[in-house]
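Trainee: Handing you this structure, nothing more for now.
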Amino acid sequence: MKIVFKFFLVVWINGNEYLKLNFQPMNINFEYDDVKASNRLEIMAAQKLEKLMDKFDFIVRSDVFFKKENTSSPDTGMVCNIRLSAPGPRLFAQSSTASFEASIASSVEDLQRQLEKRKAKMQSH
Numbered sequence: 088m089k090i091v092f093k094f095f096l097v098v099w100i101n102g103n104e105y106l107k108l109n110f111q112p113m114n115i116n117f118e119y120d121d122v123k124a125s126n127r128l129e130i131m132a133a134q135k136l137e138k139l140m141d142k143f144d145f146i147v148r149s150d151v152f153f154k155k156e157n158t159s160s161p162d163t164g165m166v167c168n169i170r171l172s173a174p175g176p177r178l179f180a181q182s183s184t185a186s187f188e189a190s191i192a193s194s195v196e197d198l199q200r201q202l203e204k205r206k207a208k209m210q211s212h
């Protein structure tokens, strides 16, 4: 499933359209491996990624992969991989916990740290 966020800013002055800006949309692609597709997981991941997009406006696209693995530990097995496309090399985070929700949160936190480092490098040049 593919979700596209589109943002528009329209300024009206005296009832006339004065300015209309179309912001770059962020594409979010979801893939599942041995997992049934879930709107709830997609909405949760999209909300967290939207927060990253608000903070780091240079993100272009994200790919979210959900996978179920057989593990000996009950604390792992639900895997969430997230790949972000932004200027420079792609960013990637993977997390395996007992639930997909926790895996999403962990992967997004890891990506946030990577994005902060990338932004600092971009500002220093």
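Add 87 to the 1-based position in the sequence shown for this note's numbering, that's all there is to it.
Yeah, the Cβ is synthetic: ideal placement off N, Cα and C, and Gly gets one too.
Predicted, not measured: the structure shown is a model, and the values here were computed from it.
Any idea what DSSP makes of Leu-202, helix, strand or coil?
Mentor: The residue given as residue 202 occupies position 115 in the sequence shown. Reduced to three states, the DSSP call for Leu-202 is helix.
Trainee: The beta strand (DSSP E) spanning Asn-168 covers which residue range?
Mentor: Position 81 of the sequence shown holds residue 168. Per DSSP, Asn-168 belongs to the beta strand (DSSP E) from 165-172.
Trainee: Per DSSP, which residues does Asp-69 bridge with? Please list them.
Mentor: Past the edges of the chain, shown from 88 to 212, lies residue 69, and the structure says nothing about it.
Trainee: In this structure, how does DSSP classify Ala-185 when only helix, strand and coil are distinguished?
Mentor: In the sequence shown, counting from the first residue as 1, residue 185 sits at position 98. If DSSP states are grouped into helix, strand and coil, Ala-185 belongs with coil.
Trainee: Identify the continuous alpha helix (DSSP H) that holds Arg-225 and give its terminal residues.
Mentor: Because the chain spans 88 through 212 in this model, residue 225 falls outside it and cannot be assessed.
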